[in-house]
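Chains as they are written, first to last, in the numbering used here: chain L, 1235 to 1487; chain E, 1235 to 1487.
There are 2 protein chains.
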Amino acid sequence: MKVVCIGSGNVATHFSQALNASGHSIVQIWSKGLENAEVLGNSLQAPAINDLKQLDQNADLYLIAVRDDAIASVAEHLKDVHGLVLHTSGATELTVLSTLKRSGVLYPLQTFSKTKALDFNLVPLCIEASTPADLSIVRDLATQLSSKVYEVDSKQRKILHLAAVFACNFTNHLYHISSSILEENQLDFAMLQPLIQETMEKIHTETPFNAQTGPAVRNDQATLDAHINLLKSSPEFKEIYINLSDSIKKTHK
Amino acid sequence: MKVVCIGSGNVATHFSQALNASGHSIVQIWSKGLENAEVLGNSLQAPAINDLKQLDQNADLYLIAVRDDAIASVAEHLKDVHGLVLHTSGATELTVLSTLKRSGVLYPLQTFSKTKALDFNLVPLCIEASTPADLSIVRDLATQLSSKVYEVDSKQRKILHLAAVFACNFTNHLYHISSSILEENQLDFAMLQPLIQETMEKIHTETPFNAQTGPAVRNDQATLDAHINLLKSSPEFKEIYINLSDSIKKTHK
Chain L
1235 MKVVCIGSGN
1245 VATHFSQALN
1255 ASGHSIVQIW
1265 SKGLENAEVL
1275 GNSLQAPAIN
1285 DLKQLDQNAD
1295 LYLIAVRDDA
1305 IASVAEHLKD
1315 VHGLVLHTSG
1325 ATELTVLSTL
1335 KRSGVLYPLQ
1345 TFSKTKALDF
1355 NLVPLCIEAS
1365 TPADLSIVRD
1375 LATQLSSKVY
1385 EVDSKQRKIL
1395 HLAAVFACNF
1405 TNHLYHISSS
1415 ILEENQLDFA
1425 MLQPLIQETM
1435 EKIHTETPFN
1445 AQTGPAVRND
1455 QATLDAHINL
1465 LKSSPEFKEI
1475 YINLSDSIKK
1485 THK
Chain E
1235 MKVVCIGSGN
1245 VATHFSQALN
1255 ASGHSIVQIW
1265 SKGLENAEVL
1275 GNSLQAPAIN
1285 DLKQLDQNAD
1295 LYLIAVRDDA
1305 IASVAEHLKD
1315 VHGLVLHTSG
1325 ATELTVLSTL
1335 KRSGVLYPLQ
1345 TFSKTKALDF
1355 NLVPLCIEAS
1365 TPADLSIVRD
1375 LATQLSSKVY
1385 EVDSKQRKIL
1395 HLAAVFACNF
1405 TNHLYHISSS
1415 ILEENQLDFA
1425 MLQPLIQETM
1435 EKIHTETPFN
1445 AQTGPAVRND
1455 QATLDAHINL
1465 LKSSPEFKEI
1475 YINLSDSIKK
1485 THK
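Set out below in structure tokens:
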């Protein structure tokens, strides 16, 4: 398929590379900043543009990988195309593309960094389309890119996205807090790597409920109080500590 | 060495198995509940007791792996022993054992479950002792059990324990929240496994600060509001969502 990639961020980069590796041609990359479009375009030998009016109107597939609040305005420029237009957002309904002839969703349930390679074949892809015929096309495409393809409607996709924020974005922020606390005390965050690894591995064989350990689930108030005292100079981290400990206690009471 | 293991929980179980595998003899297991002591004792061919007055007074090593608030009362029964007494607590100072002839700490910076095996050689062991001679003995012992041995004083150990609560206990609770949200909507938590795995792997090559993704760091208020709305029936999860999102925004502002 001839593919126009709209966006040049983390999601656009990984998708366009995976599409290219699967034998599809990236025929155009759009980005608000021409330089970003060119960096990605050069690596894929695709022309870069920064004007939506210049979008190739004859591609087979348009992949929209821009900020959620910019999807609707991008769609404005695709009203006349006969190709299939897919957005890649977890939080956005398929209906944002309802003015288009053909539309669908290809949502990757994964966290991407431009600088870190990952095996796209293991990225869960959540698919949806406005007609059964286009769903079948999206399914075929998704199956070429990944071994984990799920049909998910807009409501379920929003729930998955919310759950992903807890399991990924918030978890990463806790890693940040943890590393800040250690750094402030001249201790190396690398010491925690085996613990972080094991915490993640445990939930392959146990539910997170059963895997819970630590002072809150043991109701060890002396340790909780000592920790809260250690955090007295960081009111923000202290509030998160109290909040999460209370939630663990409630969950396991 | 002849070792008395005081405790029969997760830490006691993994330590006594690792000591046994390294050629030391577990000569006695104490637990408040005789049945728990017997389960562990039988697997190591060690006599089980539930009365601290019956503690063997002639062992080389006493490993205390009980609740933090019970360490002092266990120590009361070890005042006359010539063997080395070690506690295994992250949150407890070495001085809790200061009335004993010889004392030290062997703190495993890891989360243990009785039912899940793990490679003890990769468990970071934080060591401390009241004399250089005993520190040397603890170092030799720790090095037999694990390739990751750190000399850490009581103050640093408390900081490590606090950081571990954020990186492990709280992270696991976020997995629980995530799985609850999915379960309530008939979605499978296994769909998030690749994302959870990648979130953890990213911080091998990037700082958690640089690895942060999601609506809060993008300042995507529409998505944040939509998520908060989805959580309206769970005030507790909603509060955690707002709290952590605000903290991510502040960290990256």
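Where is the CB? At the ideal position from N, CA and C, for every residue including glycine.
Same chain only: Cβ atoms within 7 Å of Leu1426(L), ignoring 5 sequence neighbours per side: Within the same chain, Ser1412 come within 7 Å of Leu1426(L) by CB-CB distance, once the 5 residues on both sides are set aside.
How many angstroms separate the CA atom of Asp1314(E) from the CA atom of Lys1335(E)? Each residue's alpha carbon lies about 8 Å from the other.
Here's the rule: buried if 16 or more other CB atoms are within 10 angstroms of the residue's CB, otherwise exposed. What is Glu1362(E)? With 16 or more Cβ atoms within 10 Å of its Cβ, Glu1362(E) is classed as buried.
Within 7 Å: the Cβ of Leu1318(L) and any heavy atom of the ligand GDP? As presented, the structure is devoid of all ligands, the ligand GDP included, so that no description of it is given.
Secondary structure of Ser1250(L), DSSP reduced to three states: Helix at Ser1250(L).
What do you reckon, are the CB atoms on Lys1389(L) and Thr1247(L) nearer than 8 Å? Thr1247(L) sits away from Lys1389(L), with the two beta carbons spaced by 8 Å or more.
Please check if any C-beta of chain L sits within less than 8 Å of the C-beta of Lys1466(E). With 8 Å as the cut-off, Lys1466(E) does not count as an interface residue toward chain L.
I want to verify the contact list: residues of chain E whose CB lies under 7 Å from the CB of Leu1421(L), in sequence order. By Cβ distance, chain E contributes Gln1390, Ile1393 and Leu1394.
Near-chain E residues of the segment 1394 to 1409 of chain L - C-beta to any C-beta below 9 Å: When C-beta distances to chain E are compared with 9 Å, the residues of the segment 1394 to 1409 of chain L below that value are Leu1394, His1395, Leu1396, Ala1397, Ala1398, Val1399, Phe1400, Ala1401, Cys1402, Asn1403, Phe1404, Thr1405, Asn1406, His1407, Leu1408 and Tyr1409, in chain order.
Going straight from the alpha carbon of Val1386(L) to that of Cys1360(L), what length do you get? Between Val1386(L) and Cys1360(L), the C-alpha separation is close to 6 Å.
Using a Cβ-Cβ cut-off of less than 9 Å, list which residues of the segment 1426 to 1444 of chain E approach chain L; keep chain order. Listed by position, the residues of the segment 1426 to 1444 of chain E near chain L (Cβ gap below 9 Å) are Leu1426, Gln1427, Pro1428, Leu1429, Ile1430, Gln1431, Glu1432, Thr1433, Met1434, Glu1435, Lys1436, Ile1437, His1438, Thr1439, Glu1440, Thr1441, Pro1442, Phe1443 and Asn1444.
Can you give me, in chain order, the residues of the segment 1352 to 1366 of chain L that have a beta carbon less than 7 Å from any beta carbon in chain E? Cβ contacts with chain E: Leu1352, Leu1356, Val1357 and Pro1358.
Going by alpha carbons, who is nearest to Thr1433(E) out of Gly1448(E), Gln1420(E), Asn1419(E) and Asp1422(E)? For Thr1433(E), the closest C-alpha among the options Gly1448(E), Gln1420(E), Asn1419(E) and Asp1422(E) is that of Gly1448(E).
Please go through the same chain and pick out, in chain order, the residues whose beta-carbon is closer than 7 Å to the beta-carbon of Thr1326(L), but skip the five residues on each side of it. Hits under 7 Å: Asp1302 and Ile1305.
Nearest candidate by alpha-carbon position, reference Val1451(L), set Ser1277(E), Phe1404(E), Leu1343(E) and Asp1374(E): Residue Phe1404(E) holds the alpha-carbon nearest to the alpha-carbon of Val1451(L) among Ser1277(E), Phe1404(E), Leu1343(E) and Asp1374(E).
Would you call Thr1322(L) buried or exposed, if buried means 16 or more other Cβ atoms sit within 10 Å of its Cβ? Per the 10 Å Cβ criterion, buried.
Grab the span of the beta strand (DSSP E) containing Pro1342(L) for me, first residue to last. Counting along the chain, the beta strand (DSSP E) containing Pro1342(L) begins and ends at Ser1337 to Pro1342.
Quick check on the DSSP output: the beta strand (DSSP E) that includes Lys1236(E) runs from which residue to which? First-last of the beta strand (DSSP E) with Lys1236(E): Lys1236 to Ile1240.
If I measure Cβ to Cβ from Leu1458(E) and keep anything under 7 Å in the same chain, skipping five residues before and after, which residues do I get? The beta carbon of Leu1458(E) is closer than 7 Å to those of Pro1449, Ala1450 and Ser1479 in its chain, skipping five residues each way along the sequence.
For a contact defined as C-beta to C-beta under 7 Å, what are the partners of His1461(L) on chain E? By Cβ distance, chain E contributes Leu1396 and Val1399.
Pull up the DSSP beta-bridge partners for Ile1260(L), would you. Beta-bridge pairing links Ile1260(L) to Val1237(L).
For a contact defined as C-beta to C-beta under 7 Å, what are the partners of Ser1347(L) on chain E? Result: Lys1436, Glu1440 and Ala1445.
Three-state class that DSSP yields for Glu1470(E) in the structure shown: It is helical.
Could you compute how far the alpha carbon of Ala1456(L) sits from the alpha carbon of Ile1462(L)? When only Cα atoms are considered, Ala1456(L) and Ile1462(L) end up about 10 Å apart.
Please decide whether Leu1416(E) counts as near chain L, where near means a Cβ-Cβ distance under 8 Å. It does; some Cβ of chain L falls within 8 Å.
Nearest to Ser1332(L) by alpha carbon, out of Ser1307(L), Pro1342(L) and Tyr1341(L)? If we check each option's Cα against that of Ser1332(L), Ser1307(L) comes out closest.
Chain L partners of Ala1450(E), CB-CB under 7 Å? Correct list: Asn1403.
Please look up how many angstroms separate the CB atoms of Ile1437(L) and Leu1416(E), rounded, as I've assumed it's under 8 Å. Their Cβ separation, rounded to whole angstroms, is 13 Å, which puts Ile1437(L) and Leu1416(E) out of contact at 8 Å.
Just to make sure I have the definition right: I need the residues of chain L whose C-beta is within less than 7 Å of the C-beta of Leu1490(E). Which are they? What the structure shows of chain E is the stretch from 1235 to 1487, and residue 1490(E) is not part of that stretch, so it cannot be assessed.
Note down the Cα distance separating Lys1484(L) from Glu1269(E), rounded to an integer number of angstroms. C-alpha separation (whole angstroms): 29 Å.
In the DSSP assignment, find the unbroken beta strand (DSSP E) run with Ala1351(E) in it and report its ends. Counting along the chain, no beta strand (DSSP E) covers Ala1351(E), and no H or E run does either.
Nearest residue (CA-CA) to Asn1276(E), options Phe1423(E), Trp1264(E), His1316(E) and Phe1443(E): Here the closest residue by C-alpha is Trp1264(E).
Sort Leu1408(E), Ile1430(E), Leu1289(E) and Leu1356(E) by Cα distance to Thr1345(L) and report the nearest one. Of Leu1408(E), Ile1430(E), Leu1289(E) and Leu1356(E), the smallest CA-CA separation from Thr1345(L) is found for Ile1430(E).
When DSSP builds the beta bridges, which residues end up paired with Glu1362(L)? Within the DSSP secondary-structure output, Glu1362(L) pairs in a beta bridge with Val1339(L).
Identify every run of the beta strand (DSSP E) within the segment 1383 to 1425 of chain L, keeping only runs that are complete inside it and at least 3 residues long; order them along the chain. Here the runs fully enclosed are 1383 to 1385.
Contact list for Arg1373(L) against chain E, beta-carbon separation under 7 Å: Those do not exist, as Arg1373(L) stays about 17 Å from chain E at its closest Cβ, beyond 7 Å.
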